[in-house]
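The sequence shown lines up with residues 1 to 150 when you count with UniProt numbering. Backbone N, C-alpha and C define an ideal beta-carbon position, used for all residues, glycine too. None of these values were measured; they are calculated from a predicted model. I have placed the structure first, in the form of structure tokens, so that the comments after it can refer back to it.
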Amino acid sequence: MESKNFDYQKLKAVLDEQGVTIEQLAKMIKKEKRTVASWLKGTNTPHKSSLDRILKSLHISERRISKDGVVFFDITEENQQRAEELLYNVLLPFFAYYEANQLGHEVIKEQKAFNNSGGYDGKSVQFMKPDFIKPSLINEMTNIIESMER
1 MESKNFDYQK LKAVLDEQGV TIEQLAKMIK KEKRTVASWL KGTNTPHKSS
51 LDRILKSLHI SERRISKDGV VFFDITEENQ QRAEELLYNV LLPFFAYYEA
101 NQLGHEVIKE QKAFNNSGGY DGKSVQFMKP DFIKPSLINE MTNIIESMER
């Protein structure tokens, strides 16, 4: 964690929440009490190594003591691979499916408008079979949705 992102008020709140005193924190991270007190007053900022020890000692994530709007992600290779699989195997096919169905809907809409305006030489135009059943997102993607829920 970078020192510039440290929020001393959030650290105070975490210490209160966990019932940890300044003295106890100082002992946990091997710093003097006055040094820790200056961090909690906002007059000084802990070094990166001290921040890392605070996170480990209090068993908290960086977000708990970071300024608002600062987002940190420590993504492992395994999690990155899982995210990519989700993107390529679920999300992108879903949007392609949606776009294809949307296009089919637009074609039917244009066909109806064309036929309502008199068609071609007074004859209706039919782009799809009248017994065409539009695929349902629920039916077509049930397996994918169920795997996402697991």
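Residues of its chain near residue i, where Cβ-Cβ distance is below 7 Å and the 5 sequence neighbours each way are ignored
i      : result
Val70  : Bear in mind that a pLDDT of 49 at Val70, under 50, signals an unreliable position, so the number given afterwards is only what the model happens to contain. Only Asn5 meet the Cβ criterion.
Ser50  : Ile29, Lys31
Phe114 : Val125
Bridge-paired residues (DSSP) for residue i
i      : result
Lys123 : Tyr120
Ser66  : Phe6
CA nearest to the CA of residue i, picked from the options
i      : options                       : result
Leu15  : Lys112, Glu2, Trp39           : Trp39
Glu17  : Ile60, Ala83, Glu110          : Ile60
Asn37  : Phe114, Leu92, Tyr8           : The residue asked about is misnamed: residue 37 is Ala in this sequence, not Asn. Of Phe114, Leu92, Tyr8, the residue nearest in Cα terms is Tyr8.
Pro46  : Glu84, Val20, Leu11           : Leu11
Lys109 : Asp121, Phe95, Val125, Tyr120 : Val125
Residue i to residue j span [Cα, whole Å]
i           : j      : result
residue 174 : Leu55  : Residue 174 lies beyond the stretch modelled for the chain, which goes from 1 to 150, so this question has no answer here.
Lys67       : Leu58  : 18 Å
Leu91       : Arg82  : 13 Å
Glu85       : Lys123 : 49 Å
Glu62       : Asp52  : 9 Å
Gln111      : Glu77  : 50 Å
Lys41       : Arg64  : 17 Å
Lys48       : Pro93  : 43 Å
residue 155 : Val20  : Because residue 155 is not part of the residues shown, which for the chain are 1 to 150, the question remains open.
Phe95       : Asn89  : 11 Å
Residues near residue i by beta carbon distance below 8 Å, same chain, minus five either side
i     : result
Lys33 : Ile22, Glu23, Ala26
Asn44 : Thr35, Ser38
Environment of residue i [buried if 16+ CB atoms lie within 10 Å]
i      : result
Ser3   : exposed
Leu87  : exposed
Ser117 : exposed
Ile75  : exposed
Tyr120 : exposed
Own chain, CB closer than 6 Å to residue i, minus 5 neighbours either side, in chain order
i      : result
Ser147 : none
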